[in-house]
Amino acid sequence: MKLIMETTDNFTNKILCGDSLELIKILPDESVNLIITSPPYFQQREYTKDDKEIGNEKEVSEYIDKLSELFHECVRVTKKNGSIVFNIGDKYLESSLLLVPFRFALNILNKESVKLVNNITWAKLNPTPRQFKGRLVSSTEPFFHFVKSDDYYYNLDEFMKFLKTTRKKTIRGNGIGKKYFELIEKSNLTDTQKLMAKKDLNQVIVEVKNGKISGFRMKINGIHSLPFGGQEGGRKTQMLTKGFTIIKINGEFLKRDIIESPVESVKGSGHPAIYPEFIIQQLLILLTKENDIVLDPFIGSGTTAVACKKLGRNYIGFDINRQYCDDANERLKIIKKENCLMEWII
Ligand SMILES: C[S@@+](CC[C@H](N)C(=O)[O-])C[C@H]1O[C@@H](n2cnc3c(N)ncnc32)[C@H](O)[C@@H]1O
Numbered sequence: 001m002k003l004i005m006e007t008t009d010n011f012t013n014k015i016l017c018g019d020s021l022e023l024i025k026i027l028p029d030e031s032v033n034l035i036i037t038s039p040p041y042f043q044q045r046e047y048t049k050d051d052k053e054i055g056n057e058k059e060v061s062e063y064i065d066k067l068s069e070l071f072h073e074c075v076r077v078t079k080k081n082g083s084i085v086f087n088i089g090d091k092y093l094e095s096s097l098l099l100v101p102f103r104f105a106l107n108i109l110n111k112e113s114v115k116l117v118n119n120i121t122w123a124k125l126n127p128t129p130r131q132f133k134g135r136l137v138s139s140t141e142p143f144f145h146f147v148k149s150d151d152y153y154y155n156l157d158e159f160m161k162f163l164k165t166t167r168k169k170t171i172r173g174n175g176i177g178k179k180y181f182e183l184i185e186k187s188n189l190t191d192t193q194k195l196m197a198k199k200d201l202n203q204v205i206v207e208v209k210n211g212k213i214s215g216f217r218m219k220i221n222g223i224h225s226l227p228f229g230g231q232e233g234g235r236k237t238q239m240l241t242k243g244f245t246i247i248k249i250n251g252e253f254l255k256r257d258i259i260e261s262p263v264e265s266v267k268g269s270g271h272p273a274i275y276p277e278f279i280i281q282q283l284l285i286l287l288t289k290e291n292d293i294v295l296d297p298f299i300g301s302g303t304t305a306v307a308c309k310k311l312g313r314n315y316i317g318f319d320i321n322r323q324y325c326d327d328a329n330e331r332l333k334i335i336k337k338e339n340c341l342m343e344w345i346i
């Protein structure tokens, strides 16, 4: 039996090569703020020839049991106000989905004294193109967010700020409103009406970029059909007199349980199953503070550690594959704490 250490100091900001089930046993009780990880998926690939590797069990129940054993340790080492986030992929067997992630989550809820706060869906913006004749392309994966108590750390304000920052950049990249500028030019509005329409359009774009409203629609007389009477009567009058109307979509960005992100690859990394740093950054901001300790027991190419280093969180990573540990350490050498968060443009 291994000795449990008194602090995480010897592990902090390190990637350790070995079996996560053995390594985690050395960590003290209630010593980490967040565990965020993506374990090997069931019967998807072989990462090593090590018989301690998880994922290639014969039966799905065996796989769930192994992961659950590790999860039990995760519960032990997580602080009372901490969180545990597991991202698990599904598997088809004889043309039928096994629902592996949900079997795992149910097993955990039956066995452990934790609550499932959310099943956050990662919607992949660029799933591997496949031409199945009898089913749609799977393009989502769950990130299960578990907690040990109702008093868990949760920074929704910072999370929303982050969403707005990335969204602003995305919007800029998308050329928001471009379509409407073209339609105004093409329309039969008078020159004065066109000037007014462009002025109001520019104004509403600024409001979207600043996060004051979440979106808008524009209707231009002669191009879009006139609204009927009733509640839409005011808009009809605007279109007939001014030549256009702008419908603002009010409200904050929705605090949705869906995170859209492409599947990312990391230059120079040979790891075949990297999860998006973008999602990890969002969840780090939501669930941890600066200098908190974040554990990833299946660190792979080092994504969790990279996100932690950029956002000023401490990390501990485990992986059974020596090459991945070395590559992750190399990747981390050039990462600096950055204020400027990563972004992607859709
Ligand atoms: C899905 S990958 C994680 C990828 C990672 N999230 C990233 O972004 O690069 C799962 C990892 O678990 C590792 N692994 C498999 N069995 C393990 C075990 N028993 N202990 C530690 N790591 C293990 C594999 O080598 C693989 O790198």
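In our numbering, the protein residues as written are 1 to 346.
Built from N, CA and C at the ideal position, the CB exists for glycine as well.
Note to self: Output needed for L156: all residues of its chain with C-beta closer than 8 Å, excluding positions within five of it in sequence on either side, in chain order.
What the structure shows: Here residue 156 refers to the residue found at position 156 when the sequence shown is read from its first residue. The answer, listed in chain order, is K255, L286.
Notebook entry, point to check: When the Cα atoms are used, what is the spatial distance from V77 to E57?
Noted result: Numbered from 1 along the sequence shown, position 77 holds the residue referred to as residue 77. Numbered from 1 along the sequence shown, position 57 holds the residue referred to as residue 57. Each residue's Cα considered, the two are about 26 Å apart.
Item checked: Run of the beta strand (DSSP E) containing E141, from where it starts to where it stops -> Counted from its first residue, the sequence shown places residue 141 at position 141. Note, E141: beta strand (DSSP E), 140-147.
Margin query: Helix, strand or coil, according to DSSP, for A328 in the structure here?
Written below: Looking up residue 328 in the sequence shown gives position 328. Here A328 sits in helix by DSSP.
Margin query: Let me check understanding here. Comparing Cα to Cα, which of K161, P272, P40 lies closest to L70?
Written below: Along the sequence shown, read from residue 1 onward, the residue named residue 70 stands at position 70. Taking only the C-alpha atoms, the option nearest L70 is P40.
Next item on the list: Indicate, with yes or no, if ligand 1 has a heavy atom lying under 7 Å from the CB of E53.
Entry: In the sequence shown, the residue the question calls residue 53 occupies position 53. Yes, the Cβ of E53 comes within 7 Å of a heavy atom of ligand 1.
Next item on the list: Kindly give me the distance between the Cβ atoms of T100 and F42, rounded to whole angstroms, as I take these residues to be in contact under 8 Å.
Entry: Your numbering for residue 100 matches position 100 in the sequence shown. Your numbering for residue 42 matches position 42 in the sequence shown. For the record, residue 100 in the displayed sequence is Val; it is not Thr. That belief holds up - the Cβ atoms of V100 and F42 are roughly 5 Å apart, short of 8 Å.
Notebook entry, point to check: Given 8 Å as the limit, is there contact between the stretch 316-332 and the stretch 42-54, that is, 3 or more CB pairs closer than that?
Noted result: Result yes; three or more Cβ-Cβ pairs closer than 8 Å.
Notebook entry, point to check: How would you label E182, buried or exposed, when you count the other beta carbons within 10 angstroms and need 16 or more for buried?
Noted result: Taking the first residue of the sequence shown as position 1, residue 182 is located at position 182. So E182 ends up on the exposed side.
Notebook entry, point to check: If we ignore side chains and look at the alpha-carbon of each, how far apart do N314 and V32 end up?
Noted result: Here residue 314 corresponds to residue number 314 of the sequence shown, with the count starting at 1. Here residue 32 corresponds to residue number 32 of the sequence shown, with the count starting at 1. Cα-Cα distance, rounded: 10 Å.
Check: Hey, would you say D292 sits closer than 8 Å to T37, going by beta carbons?
Finding: Along the sequence shown, read from residue 1 onward, the residue named residue 292 stands at position 292. Along the sequence shown, read from residue 1 onward, the residue named residue 37 stands at position 37. No, the Cβ-Cβ distance between D292 and T37 is not below 8 Å.
Margin query: Can you tell me whether N188 sits near ligand 1, meaning its C-beta is under 7 Å from at least one heavy atom of the ligand?
Written below: Reading the sequence shown from its first residue, position 188 is the one you call residue 188. Every heavy atom of ligand 1 is 7 Å or more from the Cβ of N188, so no.
Next item on the list: Could you tell me whether the stretch 82-99 touches the stretch 234-249, using the rule of 3 or more Cβ pairs below 8 Å?
Entry: Three or more Cβ pairs closer than 8 Å define a contact, and the stretch 82-99 falls short of that threshold against the stretch 234-249.
Check: CB G317 to CB I299, shorter than 8 Å?
Finding: Translated into the one-based positions of the sequence shown, residue 317 becomes position 317. Translated into the one-based positions of the sequence shown, residue 299 becomes position 299. Result yes, Cβ atoms of G317 and I299 sit closer than 8 Å.
Item checked: Same chain only: Cβ atoms within 8 Å of L3, ignoring 5 sequence neighbours per side -> Here the question's residue 3 lines up with position 3 in the sequence shown. Within the same chain, L3 has close Cβ partners I26.
Item checked: C-alpha distance - G173 paired with K179, whole-angstrom precision -> In the sequence shown, counting from the first residue as 1, residue 173 sits at position 173. In the sequence shown, counting from the first residue as 1, residue 179 sits at position 179. Its pLDDT being 48, under 50, G173 is placed unreliably by the model, and nothing is read from it.
Notebook entry, point to check: For E307 versus L332, is the C-beta spacing smaller than 8 Å?
Noted result: Within the sequence shown, the letter at position 307 stands for residue 307. Within the sequence shown, the letter at position 332 stands for residue 332. Looking at the sequence itself, residue 307 is Ala, so the reference to Glu does not match. No, the Cβ-Cβ distance between A307 and L332 is not below 8 Å.
Notebook entry, point to check: Can you tell me whether DSSP reads R130 as helix, strand or coil?
Noted result: Locating residue 130 in the sequence shown gives position 130, counting from the first residue. Three-state result, R130: coil.
Check: Hey, G215 and V206: beta-carbon distance below 8 Å or not?
Finding: Here residue 215 refers to the residue found at position 215 when the sequence shown is read from its first residue. Here residue 206 refers to the residue found at position 206 when the sequence shown is read from its first residue. No, they are not a contact pair.
Checklist line | CB-CB length for Y275 against N87, believed under 8 Å | finding: The count along the sequence shown starts at 1 and reaches residue 275 at position 275. The count along the sequence shown starts at 1 and reaches residue 87 at position 87. Yes, they are in contact, since the Cβ atoms of Y275 and N87 sit about 6 Å apart, within 8 Å.
Notebook entry, point to check: In whole angstroms, what is the alpha-carbon distance linking S139 and K124?
Noted result: Position 139 of the sequence shown, counted from the first residue, corresponds to residue 139. Position 124 of the sequence shown, counted from the first residue, corresponds to residue 124. One C-alpha to the other measures close to 5 Å.
Notebook entry, point to check: T303: beta carbon under 7 Å from a heavy atom of ligand 1?
Noted result: For the purposes of this step, residue 303 is taken as residue 303 along the sequence shown, with counting starting at 1. Yes, since a heavy atom of ligand 1 falls inside the 7 Å radius drawn around the Cβ of T303.
Checklist line | Rounded straight-line distance, which links the Cα of G312 to that of M218 | finding: Here residue 218 is taken as the residue at index 218 of the sequence shown, counted from 1. Here residue 312 is taken as the residue at index 312 of the sequence shown, counted from 1. Here the C-alpha atom of M218 lies approximately 42 Å from the C-alpha atom of G312.
Next item on the list: Could I get the ranges of all uninterrupted beta strand (DSSP E) runs contained in the stretch 197-221, with 3 residues as the minimum, in chain order?
Entry: Secondary structure remark: continuous beta strand (DSSP E) runs of at least 3 residues inside the stretch 197-221, in chain order: 215-220.
Notebook entry, point to check: Under a three-way DSSP split, which group does D19 fall into?
Noted result: Taking the first residue of the sequence shown as position 1, residue 19 is located at position 19. The answer is coil: DSSP assigns D19 none of H, G, I, E or B.
Next item on the list: Could you round the C-beta distance between K133 and V75 to whole angstroms and report it? I think they count as a contact, below 8 Å.
Entry: Here residue 133 refers to the residue found at position 133 of the sequence shown. Here residue 75 refers to the residue found at position 75 of the sequence shown. K133 to V75, Cβ: 43 Å. No contact.
Next item on the list: Have a look at V263, Q44, T303, D9 and flag the residue whose alpha-carbon is nearest the alpha-carbon of P129.
Entry: For the purposes of this step, residue 129 is taken as the residue at position 129 of the sequence shown. Measuring from the Cα of P129, the nearest candidate turns out to be V263.
Check: From which residue to which residue does the alpha helix (DSSP H) around D151 run?
Finding: As a position in the sequence shown, residue 151 is number 151, starting the count at 1. Unbroken run through D151: none, as it is neither H nor E.
Margin query: Using only the alpha-carbon positions, how far apart do V294 and G268 sit?
Written below: Reading the sequence shown from its first residue, position 294 is the one you call residue 294. Reading the sequence shown from its first residue, position 268 is the one you call residue 268. The straight-line gap from Cα to Cα measures roughly 25 Å.
Check: What residue does the alpha helix (DSSP H) around L295 start on, and which one ends it?
Finding: The count along the sequence shown starts at 1 and reaches residue 295 at position 295. Secondary structure note for L295: it is in no alpha helix (DSSP H), and the uninterrupted beta strand (DSSP E) holding it is 293-296.
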